[in-house]
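Start counting the sequence shown at 114; every next residue gets the next number (our numbering).
Worksheet for the structure shown next.
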Amino acid sequence: MPPKQKKAALAAYRPLPFPSPFGTAYVLDPLPPAVDEDDLESNAHRRRNSAAGWSSDTLCTWEEFAVDDKLVDGVSTSSSKEPEAGVVLRFTQWIDRKLGPKLTELDIARYTEAYTEGYGTPSDPHVVRFLAGDSQDPIIWSTARKWVVLLTSGSATFAVAFGSSVYVGGAELMVYQFRQSVTVILLGLSFYVGGMGIGPMLWAPASELIGRRPVFIATFVPFFLFQIGCAVAQNLETLIICRMLAGSIGSAPLTNSAGIVGDVFTAHERGVAMAVYALMPFLGPVFGPIVGGYVGSWKWHWLFWVTTILAGICLVGGALIPETHAPVILRRRAMALSAATGKTYKSLFDVNVRGRGVPSIKTYFTRPFVLLFREPIVMLFALYAAIIYGILYLMFGCYPVVFVQDRGWEEGPAGLPFIAVGIGMLFGMAGTVYDSMIYGKKLAKADGPLPPEERLRGACVGGVLLPISLAWFAASAKPTVHWLAPTLAGGLFGCSMLLIFMGGTAYLVDTYLTVAASAMAANSFMRSLFAAAFPLFTLYMFQTLGAPWSLGLLSFVTLACAPIPFLFFKFGHTIRERSPYAASNPSTH
Numbered sequence: 114m115p116p117k118q119k120k121a122a123l124a125a126y127r128p129l130p131f132p133s134p135f136g137t138a139y140v141l142d143p144l145p146p147a148v149d150e151d152d153l154e155s156n157a158h159r160r161r162n163s164a165a166g167w168s169s170d171t172l173c174t175w176e177e178f179a180v181d182d183k184l185v186d187g188v189s190t191s192s193s194k195e196p197e198a199g200v201v202l203r204f205t206q207w208i209d210r211k212l213g214p215k216l217t218e219l220d221i222a223r224y225t226e227a228y229t230e231g232y233g234t235p236s237d238p239h240v241v242r243f244l245a246g247d248s249q250d251p252i253i254w255s256t257a258r259k260w261v262v263l264l265t266s267g268s269a270t271f272a273v274a275f276g277s278s279v280y281v282g283g284a285e286l287m288v289y290q291f292r293q294s295v296t297v298i299l300l301g302l303s304f305y306v307g308g309m310g311i312g313p314m315l316w317a318p319a320s321e322l323i324g325r326r327p328v329f330i331a332t333f334v335p336f337f338l339f340q341i342g343c344a345v346a347q348n349l350e351t352l353i354i355c356r357m358l359a360g361s362i363g364s365a366p367l368t369n370s371a372g373i374v375g376d377v378f379t380a381h382e383r384g385v386a387m388a389v390y391a392l393m394p395f396l397g398p399v400f401g402p403i404v405g406g407y408v409g410s411w412k413w414h415w416l417f418w419v420t421t422i423l424a425g426i427c428l429v430g431g432a433l434i435p436e437t438h439a440p441v442i443l444r445r446r447a448m449a450l451s452a453a454t455g456k457t458y459k460s461l462f463d464v465n466v467r468g469r470g471v472p473s474i475k476t477y478f479t480r481p482f483v484l485l486f487r488e489p490i491v492m493l494f495a496l497y498a499a500i501i502y503g504i505l506y507l508m509f510g511c512y513p514v515v516f517v518q519d520r521g522w523e524e525g526p527a528g529l530p531f532i533a534v535g536i537g538m539l540f541g542m543a544g545t546v547y548d549s550m551i552y553g554k555k556l557a558k559a560d561g562p563l564p565p566e567e568r569l570r571g572a573c574v575g576g577v578l579l580p581i582s583l584a585w586f587a588a589s590a591k592p593t594v595h596w597l598a599p600t601l602a603g604g605l606f607g608c609s610m611l612l613i614f615m616g617g618t619a620y621l622v623d624t625y626l627t628v629a630a631s632a633m634a635a636n637s638f639m640r641s642l643f644a645a646a647f648p649l650f651t652l653y654m655f656q657t658l659g660a661p662w663s664l665g666l667l668s669f670v671t672l673a674c675a676p677i678p679f680l681f682f683k684f685g686h687t688i689r690e691r692s693p694y695a696a697s698n699p700s701t702h
């Protein structure tokens with residue numbers, strides 16, 4: 114290489130301002146002086162993925178800039194301390210592997226030209242946001258891609274919820290094999306559901322910090338393995354421990370799926386998407402006893418093999434979906450650009466208007482508790498959802514009393530009336546879709562976004578229907594009444610329950626958009642604790658009060674909660690204005 118060209122080549126290198134795993138590392142300036150934009154575009158098809166550097170052979174490449182007679186895999190520096198190609202290659206590979214998105218030379222050129230806000234210093238960094246037509250922006254993905262992502266994450270939510278209630282189908286055989294009472298056997302249900310409430314308090318903020326996809330993979334693999342542990346358990350202690358760990362570790366999809374809905378769907382699309390998501394945590398527990406009633410009567414181990422197969426399918430699908438959380442995508446891009454250019458880049462979400470910088474890890478992991486105890490919207494909807502979810506799990510003990518004990522049905526057929534609850538949920542989902550269509554028409558006519566309170570109409574309807582459904586069930590629970598009456602009451606219960614949950618979930622997501630996963634974690638925490646406790650006193654309550662009076666009591670409890678959605682429909686705007694979490698959600702566009 115001629116001395117003049119070699120001098121010009123080495124001038125293109127700049128040492129990184131921080132140490133790398135390979136000692137002092139050098140990178141190229143984003144736009145070498147010998148390369149103009151037209152040449153760059155004309156050679157776009159020949160580019161090579163890298164965090165920095167150029168590879169089109171018609172351009173001046175960084176391989177050509179290397180010191181003469183040195184291989185690409187050479188040592189880190191020459192005797193004159195000049196940079197070698199080997200260290201650049203290894204460092205860029207390290208950047209690609211560690212920081213997520215791979216940036217091509219065209220990416221760097223485009224991003225450095227676009228991100229001009231700020232001076233690129235630690236005190237005034239360049240602000241990274243999504244660009245027009247940005248392929249990594251989940252909001253502008255195709256409709257098909259969005260729904261594939263949603264249905265994949267929703268299937269994982271279904272699998273976790275299904276795993277909670279399918280256990281009930283084997284309770285009778287477990288009582289016989291382990292020689293324990295029904296209450297002790299049901300600890301396997303309570304510990305699992307309790308874990309479903311505790312786990313999201315960790316996994317939701319983790320997904321907001323490091324991304325939805327890493328958290329899903331890191332939690333669903335153990336969930337899959339603990340299902341196998343349940344299937345091969347030889348004693349009750351092992352079974353209950355595996356159940357508790359499976360519920361707590363595998364519970365990430367319960368809240369992260371709601372976060373994914375907020376990540377990829379616009380306000381106009383979000384109503385239908387939220388209806389599908391909200392169906393899963395309720396549809397899973399409905400199908401669990403139906404499947405468990407038949408499979409569990411044969412061999413209880415197969416309850417967990419069925420769940421293992423379902424979890425394995427969801428795991429493969431979930432591992433293939435891309436990252437959806439915008440703050441994480443932009444943060445990774447900012448890190449890669451900082452490493453490639455030597456300047457300071459920060460995500461739009463990490464640089465707020467007051468310049469306080471990136472939120473601390475403590476902020477992320479305490480946020481669900483802060484939302485639960487300081488945000489009236491989160492607190493009251495969490496309480497409402499907890500009571501409803503607790504009643505749903507209480508029904509697992511109610512139906513055997515009403516249809517097996519009082520009417521003399523067999524275990525398998527006694528689970529079939531529970532199908533009506535699932536059908537009622539489908540009607541509730543249809544009502545939510547219809548409400549979303551009305552919302553879409555209003556949004557099209559409005560000058561700007563509609564207030565989140567517009568999502569609460571379905572919840573208001575459900576709040577009225579829920580106590581009516583339980584009162585109907587109470588009046589028809591006597592064995593002298595035809596079995597169709599309580600079955601239809603169960604259908605109305607499923608419909609009203611889903612209307613409330615869907616409306617409340619959509620309201621929470623619209624209100625706390627970027628921290629929706631934490632808001633849903635608080636919601637899941639409360640409802641899972643109630644769902645864990647209710648089955649433990651179900652049998653005692655029904656034996657003491659009887660089915661009609663027990664269901665009547667629950668009807669009065671839900672009647673007391675009915676004003677909650679009406680309260681937020683009327684005063685929600687005022688409450689949101691006082692919330693530091695609901696007041697500002699930065700746009701990525």
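Virtual Cβ for every residue (Gly too), placed ideally from N, Cα, C.
Fair warning: this is a prediction, and the values are worked out from it, not measured in the lab.
Beta-carbon proximity list for residue i, same chain, < 6 Å, skipping 5 on both sides
i    : result
A635 : P481, L484, L485, V491, A495
H381 : G553, L556
D250 : F243
A645 : S303, V306, G307
M639 : A495, A499
Where residue i falls, given that 16 or more other Cβ within 10 Å makes a residue buried
i    : result
A274 : buried
H239 : buried
P313 : buried
D149 : Unreliable placement is indicated for D149, whose pLDDT of 44 sits below 50; no coordinate value is reported for it.
D548 : buried
V345 : exposed
P146 : Any reading at P146 must be qualified, since the residue scores a pLDDT of 40, below 50, and its modelled position is unreliable; the value itself is stated next. It is exposed - the Cβ of P146 has fewer than 16 other Cβ atoms within 10 Å.
E321 : buried
F650 : exposed
K683 : exposed
S278 : buried
L658 : exposed
A572 : buried
I298 : buried
L450 : buried
I311 : buried
S255 : exposed
Cβ shell of residue i (< 7 Å), same chain only, five flanking positions each side left out
i    : result
P513 : A527
Y694 : L484, E488, Y625, V628
G107 : This structure does not reach residue 107, given that the chain is present from 114 up to 702, and the question cannot be answered.
F515 : As written in the sequence, residue 515 is Val, which differs from the Phe given in the question. Within the same chain, V515 has close Cβ partners A590, P599, A660.
V295 : A284, V288, L652
F540 : C608
G712 : Look at the range of the chain in this structure, 114 to 702, and you will see that residue 712 is not part of it.
Other residues of its chain near residue i: CB distance less than 8 Å, five sequence neighbours each side excluded
i    : result
M538 : L392, F395, L396, V399, G607, C608, M610, L611
T379 : I252
L489 : At residue 489 the sequence reads Pro, which differs from the Leu that was named. I688.
F647 : G503, I504, Y506, L507
R691 : none
V546 : G384, V385, A388
Pair within 8 Å by beta-carbon distance, residue i and residue j
i    : j    : result
P661 : A590 : yes
G372 : G525 : no
T332 : D376 : no
T724 : L579 : Residue 724 lies beyond the stretch modelled for the chain, which goes from 114 to 702, so this question has no answer here.
A365 : F339 : no
V374 : M387 : yes
V281 : F509 : yes
Y477 : Y228 : no
G685 : A587 : no
N369 : S460 : no
G708 : A533 : Missing from the structure shown is residue 708; the chain here goes from 114 to 702 and no further.
S668 : L597 : no
F462 : L433 : no
S641 : A317 : no
G535 : A269 : no
H402 : F614 : It is Pro, not His, that sits at residue 402 in the sequence shown. Taking 8 Å as the Cβ cut-off, P402 and F614 do not qualify as a contacting pair.
CB-CB length for residue i against residue j, believed under 8 Å
i    : j    : result
G308 : F336 : Actually they are not in contact, since the Cβ atoms of G308 and F336 sit about 10 Å apart, beyond 8 Å.
A109 : L423 : Look at the range of the chain in this structure, 114 to 702, and you will see that residue 109 is not part of it.
Y653 : L569 : Wrong, their Cβ atoms sit about 36 Å apart, outside the cutoff.
G576 : I677 : 7 Å
I353 : L300 : 6 Å
C674 : Y497 : 5 Å
query: In chain order, which continuous runs of the alpha helix (DSSP H) of length 4 or greater are located wholly inside the segment 512-571?
result: 524-527, 532-558
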